[in-house]
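Peer 1: Right, I'll just put the structure down here and ask away after.
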Amino acid sequence: MLVLQAIIDGILVGGFYALMAGGLTLVFGVMDIVNFAQGILVVLGAYLSYALYSHLAIDPFLSLLITLPGMFVIGVAVYWSLIKPIKQDRVIMSLLVMFAVGTIAEGILDLIFTSNLVQIQTSYVNSSFSLGSLVFPDIYVYAFLMSVVLLGGVYYLLYRTRFGRSLRASMQNPTAARLVGINTDWVSAFTLGIGVALAAAGGMVFGLTNSFDAASSYDLISRLLAIVIFGGFGSLSGALIASVLMLVIQDVVAVVWSPTWGQTTFYIVLILILLLRPQGLLGRKAVRAQ
Amino acid sequence: MTAVDVAPVGAAAPEHIPYEPPRAIRWSGTGLLLVFLAVFPLIFPNPAVTSIAVFTMIFLVAAIGWNIFSGYSGYISIGHAAYYGIGQYTVALVALHTKIAAGWPTFALLPAAGLACAVAAVPIGFLLLRVRKHTFIILTVAVMFILQLLAFNFTSWTNGSGGLELPFPTWSGDFFNEPFYYVGLAAAVVACAVSWWVRRSKYGLGLLSIRDDEDRARGLGIHTTRTKLIAYVLSAFFVGIAGGLYAPFVGSVYPQFGFDPNFDLAVAVLVFVGGIGTLSGPVIGALLLIPLQQYFELQFGSANLFLIAYGVLFILILRLLPAGIAPSVTKLWRHVLVARRRAAAAGKTGSGTAQPATATLHTGGDEVAQ
Amino acid sequence: MSILQVSDVKKAYGGIRALDGCTMAFEEGAINGLIGPNGSGKTTLFNVISGYETADAGRVTLRGKDITNAKPDRVFGLGLGRTFQITRIFPRLTVLENLHVASQRPGFIGQLRSWKSAGERGRAMEVLDFVGLTPLAEEPAGGLSYGQQKLLEFAFIIVAKPSVILLDEPAGGVNPTLLRGLADLIRALNKEGVTFVIVEHDMEFVMGLCDRVLVMHQGCALTAGAPEEVRSNPDVLDAYLGSNSGGAG
C-alpha cells in the first residue's frame, strides 16, 4: 500500500514538474536554447506568489493571474535583449548567457529575501482527502489539475492555433519558416515567454509544497535538466512522460529503500539513459553535424 | 612547382605582418611576469595580501587546467568543480588515514589529488563525451551535483555535512601563506608548460580543429573521442591539484565548498575574460579577477554580490568581447602595426597607392565564373 | 579497371529517393566526371561513398574492399579523400596549421611532437607551394577569400596522399584564371596516378578535363562514356532539359 501511495504521490508531483520541464524543452525545441535559468525562474515565481500572499493576501492560485503574464513579459524581454543579438555559435552562447542570467537572478533574490527558508502557508496547505487508505493532499491535487489545464492549453496553442503552427514550423526548419513569412524572432520571444510563464506556475506550486530559498534553484535545475534529457530535448510529450516517470521512481525508491537513494535515482536514470539511448525517450536522433 | 599564382601579377612580394608579437617579446614578457610573481611575497609580506595571493595561485592552476580542455576543444564544462572537490577530499582523506604530519608533507599529496581526479575523469569523460556539445555542458553540471550529493550522503567516508578537518601546519602566522603560495606558483608553471606544449603539438592542433569543425576533423582522420578525453583528463588533473592545495590551506573540506558551483562560475568567467582558448587568457583572467574578488569578499563578505557581479561580467564579456582580453589586445596591436606600415609605405611612394601585405588576402579574384 | 564501385545504392530522405538503385564504376587512374541535373543525387552519392551519410541499401567498394557505411575517418584512412561544395576549413587556425591538421600521422607518439618542427613544416610547405598558397601560410584561414579556401580544401586532400579524390563542384564560384590553375593541378596529380571523381556543372571544365564522364539522373546512373559521346547522347539532353518524351531509362 505504501508503494501505491508513493506512485500516487509521484504522479501528482510529476504533474507540476512537467510544467517546468515542459517550458524548458519547448524553448529548446524551438530555439535550440537551453534555458539554464529555468530553476531560478521557478524560484522567482515562488517568491512572487509568496510576496503576493504574505503582503496582499492573494491566494497563490489567484496570484497566477498576475505572475503568469508578468513572467511571460520577462521571458520576452530576456529573449529580445540578450538572446536575439547573439549571432555566432547560438546554442553554446545562449546557454552561457542564460547561465549568467540565472546567476544574477539568484544573487538578487538572495539579496532581497536572504537565505531564510520560506514557504507559502495557506489555510489548505495541510488538508487532504482520503480514498480508502490512500491520502490525496489537496494542494497536490489542485496543482495537478492546474498542470493539466495549463499543459492542455499549451497543446491547444501548439496544435490548434496559427501561432502554434508557426512555432512548430520554426522548430522544424527556421529558414523555411522565415521564407514563408513567419517572424521567427517573435515566435522565439513568445516561446521563451511561455516557457518562463510555465516556470511561474510551477514556482507557485513549488512555493506551496516546499520550504525554499534562492539556493533551491540548483537542485531544481539539475532535476529539470535530468528530466528533459531523459524525455528527449524538444519533445513536450517526452517531458511529460519523463517527469511523471522519474518522480514516481523517486518516490517508490524513497519508500522502499531510503529518501537519500530516492534523490539519487534522478541521476542514476540519467546515466542509464545516456548509456542506452543518448537522445532520450522521444528525442530526435542526433544528426552528425555539431 | 607553383601551378597557381595567388598574388596579383606585378605585385612585389608582400611583407608579412605577423599575428603575434615576436618571440623575443613574448618570452621576455613571460620571464618578467615569472620574476615578479616569484618575488611578490617578499615585496608584500602582509599576510592579508599573501593570503589573496595564495587564492590567486589556486585559481590560476585551475583556470589553466580548465582552459586546456574547455578552451582548446570548445566543449565548455561548467562542472569541473567535480574535480576540485575530488582533489580536496583525496588530500583530506589520505591525510587523515595516514596520519601524515601537517605542513610540508601534505604537499606531497598534491600529485595524488591530481591522479585521483585523472583516474575519475576517464569514465566520466567517456560517458560525457558521447553527447552533443550543449548536452555535454548540462551533464558536467549534473555530474558535479551527483558528486556533491554523494559527499553529503556517504557520511562514513566524508562525514557528510560535518566536513573533514585537516591537520593545521604549525608555521608561524607571518610565514604561513608563503609555502602555499610557492607550491601553487610551481604548480601553475607546470600547468602553463603543459598548456604551451599542447598548443604546439600535433595533438593540440587536433584538439583545436575539433573546436572549429569536429565532423571535418574526424573526416580528416583525427580520433576525436580520444583527443577530447586526453584533454579532459589533463584538465581534471590540474583542477584536482588546485583543490588539493585549497584543502590544507583552508584546513577543512565540506561538500558545498568542495563541489562548489561558485568555483565553476569564477573559473569560467575569468578564463572568458582573459581569453578562452588562448595560452595567456587564463593567466590574465586569474591575475586580474581573483585578487579583486578576494578583496571584495574581505570587505563586503557577501556571496550574493559575487553572484550578481560575476553574472553581469559574464554577460558583458559574452556580448561585447567574447574572445576575451588577450586576443583583443593582440588584434589592437596588429591594427596599430598595420596602420603604421601603411603610413610608412604611403610616405615612401608619396602617392599612397602602395598596399601592405594584408591587402593581398582578397585579390584572388572572386567573380563567379561565367 | 574500376577502383571505386557502387552497386545498387539506395538512400531516401522521407519520401524523397535521393539515390534509387545507383550502380556505377569509376575507372582507376582516370579523371572521371560526374554530371547530372540538379537533384540527381550527385552530392548524396559523394556523402554516402565518403561516409558522411549512411546508405539505406547497396554496396560501396574501394579497391575491392567493402566500405559501405564506413565512418569518414576509416574511408579517409583507406585513401579516399573528398572536398566539400561549401568549404569546410578550420577558420581559427592559420593556413599552415590547417594543413598540419590534415596531415595527422597515425600512431600516438607522433602526435606528441611539435608541429613547428622542420620536418613537418617541410611537407606542409610543399603542398602549399603546389597549390600556390605559400604567401598566406600564416594567415587565419577564416580570412581567406572563397577561391583561396577552395584551394586550401584541395590542399587538405593532397597532403594525405590519397589514391582517390572526390571533388564536389570545385569550379563553383571560382574565376577563370584560378580554374585553369585548378585544372592544371588535377592533371599534375593524375599523372602521378591519382584517380579523380569530379562533380561539376561547368560543362567546359568537365569536358576539357575528364577522360570519362558518367551521368546521373533521378538517383541512378543514366549513361557513361567518353566526353564527346556523352555530350551528343540524346538521353543526357533529355535529362537536363526535362523533356517528357519518356526516354530516360
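Residue numbers (the working numbering), protein chains in the order written: chain B, 13 to 302; chain Z, 337 to 706; chain S, 352 to 600.
Don't be surprised by glycine CBs; every beta carbon is placed ideally from N, CA and C.
Source: prediction; values computed, not measured.
Taking any Cβ of chain S, which residues in the region 541 to 560 of chain Z have a Cβ under 9 Å from it, in chain order?
Peer 2: The residues in question are 541, 542, 544, 545, 547, 548, 549, 551, 552, 553, 554, 555, 556, 557, 558, 559, 560.
Peer 1: Report the neighbours of residue 354(Z) on chain S: residues whose CB is nearer than 9 Å to its CB, in chain order.
Peer 2: Those are 489, listed as they occur along chain S.
Peer 1: Name the chain Z residues that come within less than 9 Å of residue 272(B), Cβ to Cβ?
Peer 2: Going along chain Z in sequence order, the residues near residue 272(B) (Cβ under 9 Å) are 485, 488, 489.
Peer 1: Would you list the one or two residues that DSSP bridges to residue 417(S)?
Peer 2: Bridge partners of residue 417(S): 412(S).
Peer 1: Return the chain-ordered list of same chain residues with a C-beta closer than 6 Å to the C-beta of residue 487(S), the five sequence neighbours on each side being excluded.
Peer 2: Here the set comprises 446.
Peer 1: Could you tell me which residues DSSP pairs with residue 371(S) in its beta bridges?
Peer 2: Looking at the DSSP assignment, residue 371(S) forms a beta bridge with 361(S).
Peer 1: With 7 Å set as the bound, which would you pick, yes or no: does the beta-carbon of residue 55(B) sit closer than that to a beta-carbon of chain Z?
Peer 2: Not an interface residue.
Peer 1: Name the DSSP bridge partner or partners of residue 356(S)?
Peer 2: DSSP lists 376(S), 412(S) as partners of residue 356(S).
Peer 1: In the DSSP assignment, what are the bridge partners of residue 567(S)?
Peer 2: Residue 567(S) pairs with 572(S).
Peer 1: Is it true that the region 109 to 125 of chain B meets the region 225 to 242 of chain B, where meeting means three or more beta-carbon pairs spaced less than 8 Å apart?
Peer 2: Cβ pair count under 8 Å is three or more, so yes.
Peer 1: In this structure, does DSSP put residue 225(B) in helix, strand or coil?
Peer 2: Note: residue 225(B) maps to coil in three-state DSSP.
Peer 1: Of all Cβ atoms in chain Z, is any one closer than 7 Å to the Cβ of residue 107(B)?
Peer 2: Yes, because at least one Cβ of chain Z sits closer than 7 Å to the Cβ of residue 107(B).
Peer 1: With distance defined between alpha-carbon atoms, name the residue in 498(S), 522(S), 385(S) nearest to residue 440(S).
Peer 2: Selected option, being the one with the closest Cα: 498(S).
Peer 1: Checking 7 Å against the spacing of the C-beta atoms, do residue 182(B) and residue 189(B) come in under that value?
Peer 2: Yes, Cβ-Cβ distance for residue 182(B) and residue 189(B) is below 7 Å.
Peer 1: What alpha helix (DSSP H) runs, 4 residues minimum, are completely inside the region 207 to 263 of chain B?
Peer 2: 228 to 243, all fully within the region 207 to 263 of chain B.
Peer 1: Among 531(S), 543(S), 379(S), 509(S), which one has its Cα closest to the Cα of residue 480(S)?
Peer 2: Closest by alpha carbon: 509(S).
Peer 1: Looking only at its chain, what residues have a beta carbon closer than 8 Å to the beta carbon of residue 694(Z), apart from the 5 residues adjacent to it on each side?
Peer 2: Below a pLDDT of 50, predicted positions are generally treated as unreliable, and residue 694(Z), at 41, falls in that range; no measurement from the model is reported.
Peer 1: Considering residue 632(Z), what are the terminal residues of the alpha helix (DSSP H) in which it resides?
Peer 2: 617 to 636 is the extent of the alpha helix (DSSP H) around residue 632(Z).
Peer 1: For residue 279(B) and residue 273(B), what's the separation of their Cα atoms in angstroms?
Peer 2: Their backbone Cα atoms lie some 10 Å apart in a straight line.
Peer 1: When the Cα of residue 438(S) is compared with those of 629(Z), 672(Z), 551(Z), 668(Z), which residue comes out closest?
Peer 2: The residue with the shortest Cα to Cα distance from residue 438(S) is 551(Z).
Peer 1: Mapping the DSSP letters down to three states, classify residue 547(S) as helix, strand or coil.
Peer 2: If DSSP states are grouped into helix, strand and coil, residue 547(S) belongs with the strands.
Peer 1: Along chain B, in chain order, which residues have C-beta atoms closer than 9 Å to that of residue 412(Z)?
Peer 2: Under the 9 Å cutoff, chain B gives 104, 107, 108.
Peer 1: Is there at least one Cβ from chain B nearer than 7 Å to residue 661(Z)'s Cβ?
Peer 2: No, its Cβ sits nowhere closer than 7 Å to a Cβ of chain B.
Peer 1: May I ask which residues mark the beginning and end of the alpha helix (DSSP H) holding residue 597(Z)?
Peer 2: Where residue 597(Z) is concerned, the enclosing alpha helix (DSSP H) stretches over 597 to 610.
Peer 1: Three Cβ pairs or more, each shorter than 8 Å: is that satisfied between the region 426 to 435 of chain Z and the region 497 to 506 of chain Z?
Peer 2: Counting Cβ pairs under 8 Å, three or more are found: they touch.
Peer 1: Taking DSSP as the reference, what is the three-state secondary structure of residue 449(S)?
Peer 2: DSSP places residue 449(S) in helix when its eight states are reduced to three.
Peer 1: For residue 700(Z), would you say it is in contact with chain B, using Cβ-to-Cβ distances shorter than 7 Å as the test?
Peer 2: Confidence at residue 700(Z) is low in this model, with a pLDDT of 36, below 50, so the placement of that residue should be treated as unreliable; the coordinate-derived value is given next. It does not: the Cβ of residue 700(Z) has no partner Cβ on chain B nearer than 7 Å.
Peer 1: Residue 623(Z) to residue 526(Z), Cα distance in whole Å?
Peer 2: Computed Cα separation, rounded: 17 Å.
Peer 1: Name, please, each residue of chain Z whose Cβ falls closer than 7 Å to the Cβ of residue 279(B).
Peer 2: Those within 7 Å of residue 279(B) in chain Z are 478, 482.
Peer 1: Measuring straight from C-alpha to C-alpha, what distance separates residue 347(Z) and residue 681(Z)?
Peer 2: Note that residue 347(Z) scores a pLDDT of 41, beneath 50, so its modelled location is shaky; the value from the coordinates is reported in the next line. Going by the C-alpha atoms only, they are around 14 Å apart.
Peer 1: Identify whether residue 359(Z) lies in helix, strand or coil by the three-state DSSP scheme.
Peer 2: Residue 359(Z): helix per DSSP, three-state reduction.
Peer 1: Just how far apart, CA to CA, sit residue 455(Z) and residue 562(Z)?
Peer 2: Cα to Cα, the separation comes out at about 15 Å.
Peer 1: Compute the distance between the beta-carbons of residue 211(B) and residue 57(B), then report whether it is under 7 Å.
Peer 2: In contact: residue 211(B) and residue 57(B) (Cβ atoms closer than 7 Å).
Peer 1: Which of the residues in the region 119 to 151 of chain B, read from start to end, lie with their CB under 7 Å from any CB of chain Z?
Peer 2: Cβ contacts with chain Z: 119, 120, 122, 123.
Peer 1: Is the beta carbon of residue 432(S) less than 7 Å from the beta carbon of residue 513(S)?
Peer 2: A contact, by the Cβ cut-off of 7 Å.
Peer 1: Report the CB separation of residue 616(Z) from residue 567(Z) in whole angstroms; it is logged as a contact under 8 Å.
Peer 2: Contact doesn't hold; Cβ gap of about 18 Å is too wide.
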